[in-house]
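Sequential numbering of the sequence shown, starting at 2, is according to this note's numbering. Note that CB positions come from ideal geometry on N, CA and C, so glycine has one too.
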Amino acid sequence: MPLHQKYSPHFSAFADAQFTTLFQHDDGFFAQTFTFPGQYGTHLDAPIHFVRNTRYLEELDLKELVLPLVVIDKSKEAEANHDFALGVEDVLQFEAEHGLIEEGSFVALRTDWSKRWPDKVAFDNKDADGNSHAPGWSLPALEFLFQERKIKAIGHETFDTDASVDYQKNGALLAEYYVLEQDAYQVELMKNLDKVPAKGAVIFNIVPKPEKASGFPVRSFAILP
2 MPLHQKYSPH FSAFADAQFT TLFQHDDGFF AQTFTFPGQY GTHLDAPIHF
52 VRNTRYLEEL DLKELVLPLV VIDKSKEAEA NHDFALGVED VLQFEAEHGL
102 IEEGSFVALR TDWSKRWPDK VAFDNKDADG NSHAPGWSLP ALEFLFQERK
152 IKAIGHETFD TDASVDYQKN GALLAEYYVL EQDAYQVELM KNLDKVPAKG
202 AVIFNIVPKP EKASGFPVRS FAILP
């Protein structure tokens with residue numbers, strides 16, 4: 002019998018993952034099959050996820066997956082305003098306190114949204130009209146980070162790159178499309194960003210390389226040298 006896994010956050014259009022036992026120890030060994038979308042739980046999106054004729058997951062170089070980690074903490078702002086979107090001024094304020102964001106960095110947006118899980122209702126945070134309210138990145142902030150600071154990748158704790166209200170206003174995930182259009186990747190549904198410093202750590206985004214994959218669940222962890 003398949004075991005339906007409902008314990009990892011995932012896009013509502015995706016079915017819950019299923020774990021099926023193929024053999025038990027009484028058969029001589031324990032083995033399972035796993036069925037889930039590539040964008041399930043904490044996952045890495047390759048550029049091909051949104052953009053045609055770009056790189057698949059397998060084409061990301063190992064050196065791209067181990068990067069200096071920068072964490073911009075906007076958890077208080079996101080708690081006060083669920084529609085918060087990180088702006089250029091927020092980035093400049095961060096740099097005024099912590100120094101310039103180095104070229105080649107992985108920049109993560111901490112909102113503490115992950116702490117809402119496993120309460121699915123709180124995580125989706127829908128209003129009476131069925132519209133979600135969750136924080137995210139503004140397009141100008143991402144343009145600044147990629148063009149001026151030449152960062153390598155980003156990560157966040159929510160389902161999407163864009164703040165929910167921006168998606169509703171634009172009718173498209175413009176910020177997410179922009180990131181992947183830079184031939185960059187992103188990690189979504191991150192957690193534990195409150196346990197690492199603003200700067201100084203190194204992030205490892207360890208992910209399998211299935212052929213022609215648009216993304217895959219990722220084991221992201223940070224080390225403070």
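For residue i, which residues does DSSP report across the bridge?
{"i": "T55", "result": "According to DSSP, which records beta bridges pairwise, T55 is partnered with nothing at all."}
{"i": "L45", "result": "V188 and F217"}
{"i": "L174", "result": "L174 pairs with nothing; no bridge assigned."}
{"i": "G137", "result": "A86"}
{"i": "N206", "result": "S221"}
{"i": "A154", "result": "F107 and Y186"}
{"i": "H50", "result": "For H50, which the question treats as bridged, DSSP gives no partner whatsoever."}
{"i": "V71", "result": "V108"}
{"i": "H11", "result": "Y41"}
Can you tell which of the options has the C-alpha that lies nearest to the C-alpha of residue i?
{"i": "W138", "options": "V108, N132, I49 and G131", "result": "V108"}
{"i": "G172", "options": "L63, N132, S9 and G39", "result": "N132"}
{"i": "A47", "options": "Y178, M191, T36 and F15", "result": "Y178"}
{"i": "E65", "options": "A129, A32 and I204", "result": "I204"}
{"i": "L101", "options": "L174, I73 and E78", "result": "I73"}
{"i": "F160", "options": "L143, R150, Q183 and A135", "result": "A135"}
{"i": "E144", "options": "K116, A199, F95 and L87", "result": "L87"}
{"i": "A199", "options": "Y41, G39 and E98", "result": "E98"}
{"i": "A43", "options": "E182, K77 and Y8", "result": "It should be noted that the sequence gives Thr, not Ala, for residue 43. Nearest of E182, K77 and Y8 to T43, Cα basis: Y8."}
{"i": "H50", "options": "R220, I224 and S215", "result": "S215"}
{"i": "A79", "options": "L63, S115, E103 and D62", "result": "S115"}
{"i": "T55", "options": "A185, P226, M191 and N193", "result": "A185"}
{"i": "L146", "options": "V180, V67 and E158", "result": "V180"}
{"i": "D17", "options": "Y41, M191 and Q25", "result": "Y41"}
{"i": "E96", "options": "A176, V71, N193 and D84", "result": "V71"}
Would residue i be called buried (16 or more neighbouring beta carbons within 10 Å of its own) or exposed?
{"i": "V92", "result": "buried"}
{"i": "F20", "result": "exposed"}
{"i": "T34", "result": "exposed"}
{"i": "K75", "result": "buried"}
{"i": "N82", "result": "exposed"}
{"i": "R53", "result": "exposed"}
{"i": "D229", "result": "No answer is possible for residue 229: the residues shown for the chain start at 2 and end at 226."}
{"i": "R111", "result": "buried"}
{"i": "A14", "result": "exposed"}
{"i": "G156", "result": "buried"}
{"i": "E189", "result": "buried"}
{"i": "P10", "result": "buried"}
{"i": "E158", "result": "buried"}
Just to check my reading of the structure: residue i and residue j have Cβ atoms closer than 8 Å, yes? What is that Cβ distance to the nearest angstrom?
{"i": "D113", "j": "D195", "result": "6 Å"}
{"i": "P211", "j": "L23", "result": "In fact, because the Cβ distance is near 19 Å, the residues do not count as touching under 8 Å."}
{"i": "F217", "j": "P209", "result": "6 Å"}
{"i": "G201", "j": "K153", "result": "Incorrect: roughly 17 Å between the Cβ atoms, too far for contact."}
{"i": "V219", "j": "L45", "result": "4 Å"}
Counting only C-beta atoms, is residue i closer than 8 Å to chain D at any point?
{"i": "Y57", "result": "Here there is only one protein chain, and chain D is not present."}
Whole runs of the beta strand (DSSP E) within the segment 80–135, excluding any shorter than 3 residues: 107–111
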